[in-house]
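Novice: If you scroll down you'll find the structure; I have some questions about it.
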Amino acid sequence: DDQPDAARVDARHALLADLQRTAAERAGVPPPILVASEECARGLDIPHVGLVMLLQLPPDVDRYVHLAGRTGRAGASGKSIILYNENRGSTLSRIERECQFKFSRVGPPAPEAVIAAAAHNLPALIDSVDAEVLPLFAPTARKILTESGGDQAQLESKLAAALACVAGIMAFEPRSLLTGRPGMRTLQLRA
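So in full-length UniProt numbering, spot 180 of the sequence shown is number 180, and the numbers just go up one at a time.
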């Protein structure tokens, strides 16, 4: 099975009972994904962390160094990703200045990129459908094939529509590039 074990996720937070936390830590191999609150992350020493993802920009340089420093230890490589609001850009610049490096700034993905990523995973998803379920959908599949009359373009269009349904994408919904809010558009005005 070449699929990553993405379902194994551990959580570390202040509300996790000490007994639960100790059992999870003694379980052996760290999970591929660890979700930890900032308070809990202060006490964690987990080897081989390849990625630290910060859901907000830390308020100061020391806190960033501490959190991002969970990755890339002992000469290993690692990455840190920060989701931030442009209003906090000055803090980001201060971290760059004081730590003497430059962040690679990447905007949110375009809707087309999100859809392409969802579509990329569909063949594996289709292959994972239990064979016992297929007869329930066979009459509808035959109906679609019959209605297409062997027209390759119409059949391709129907299959694409079915894949869009499976991916949960029924229509393009405009979103703000700045906030991601649906139904909003980002405008740039120049004088």
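C-beta: ideal position from N, C-alpha, C; glycine also.
Counting only the same chain and skipping the five closest in sequence on each side, list residues whose C-beta sits under 8 Å from that of residue 174.
Specialist: Here residue 174 corresponds to residue number 174 of the sequence shown, with the count starting at 1. Excluding residues within five positions, the ones whose Cβ falls inside 8 Å are 182, 183, 184, 185.
Novice: Taking just the CA atoms, how far does residue 103 sit from residue 95?
Specialist: Here residue 95 is taken as the residue at index 95 of the sequence shown, counted from 1. Here residue 103 is taken as the residue at index 103 of the sequence shown, counted from 1. Cα to Cα, residue 95 sits roughly 9 Å from residue 103.
Novice: Secondary structure at residue 143, three-state DSSP: helix, strand or coil?
Specialist: Counting from 1 along the sequence shown, the entry for residue 143 is found at position 143. It is helical.
Novice: Could you pull the start and end residues of the beta strand (DSSP E) that residue 52 belongs to?
Specialist: For the purposes of this step, residue 52 is taken as residue 52 along the sequence shown, with counting starting at 1. Start and end: 51-54.
Novice: Does DSSP put residue 36 in a helix, a strand or coil?
Specialist: The residue given as residue 36 occupies position 36 in the sequence shown. Residue 36: strand per DSSP, three-state reduction.
Novice: Do you know how far the Cα of residue 106 is from the Cα of residue 64?
Specialist: As a first step, residue 64 is located in the sequence shown; it is residue number 64 there, counting from the start. As a first step, residue 106 is located in the sequence shown; it is residue number 106 there, counting from the start. Near 19 Å, if we compare the C-alpha coordinates of residue 106 and residue 64.
Novice: If we ignore side chains and look at the alpha-carbon of each, how far apart do residue 134 and residue 140 end up?
Specialist: Numbered from 1 along the sequence shown, position 134 holds the residue referred to as residue 134. Numbered from 1 along the sequence shown, position 140 holds the residue referred to as residue 140. So the alpha carbons of these two residues sit roughly 10 Å apart.
Novice: Mind checking whether residue 136 and residue 145 have CB atoms under 8 Å apart?
Specialist: By 1-based counting over the sequence shown, the position of residue 136 is 136. By 1-based counting over the sequence shown, the position of residue 145 is 145. No, they are not a contact pair.
Novice: Determine, using beta-carbon pairs with one atom in the segment 78-87 and one in the segment 53-60, whether at least three such pairs fall under 8 Å.
Specialist: Touching, yes, given that three or more Cβ pairs across the two stretches are closer than 8 Å.
Novice: Return the CA-CA distance between residue 66 and residue 76, expressed in angstroms with no decimal places.
Specialist: The residue you call residue 66 lines up with position 66 of the sequence shown. The residue you call residue 76 lines up with position 76 of the sequence shown. C-alpha separation (whole angstroms): 16 Å.
Novice: Exposed or buried, which one is residue 179 when buried takes at least 16 other CB atoms within 10 Å?
Specialist: Within the sequence shown, numbered from 1, the residue matching residue 179 stands at position 179. Exposed, by the Cβ-count rule.
Novice: Look at the alpha carbon of residue 138 and the alpha carbon of residue 131, and state the distance between them as a whole number of angstroms.
Specialist: In the sequence shown, residue 138 corresponds to position 138, counting from 1. In the sequence shown, residue 131 corresponds to position 131, counting from 1. Going by the C-alpha atoms only, they are around 11 Å apart.
Novice: Exposed or buried, residue 36, counting other C-beta atoms within 10 Å across all chains shown (16 or more means buried)?
Specialist: For this step, residue 36 is matched to residue 36 along the sequence shown. Classification for residue 36: buried.
Novice: Decide if residue 191 is buried, meaning its Cβ has at least 16 other Cβ atoms within 10 Å, or exposed.
Specialist: Within the sequence shown, the letter at position 191 stands for residue 191. Residue 191 comes out exposed.
Novice: Helix, strand or coil, according to DSSP, for residue 128 in the structure here?
Specialist: Here residue 128 is taken as the residue at index 128 of the sequence shown, counted from 1. Of the three classes helix, strand and coil, the one that applies to residue 128 here is coil, per DSSP.
Novice: Find out if the Cβ-Cβ distance for the pair residue 108, residue 177 is shorter than 8 Å.
Specialist: Counting from one through the sequence shown, the residue named residue 108 turns up at place 108. Counting from one through the sequence shown, the residue named residue 177 turns up at place 177. Contact: yes.
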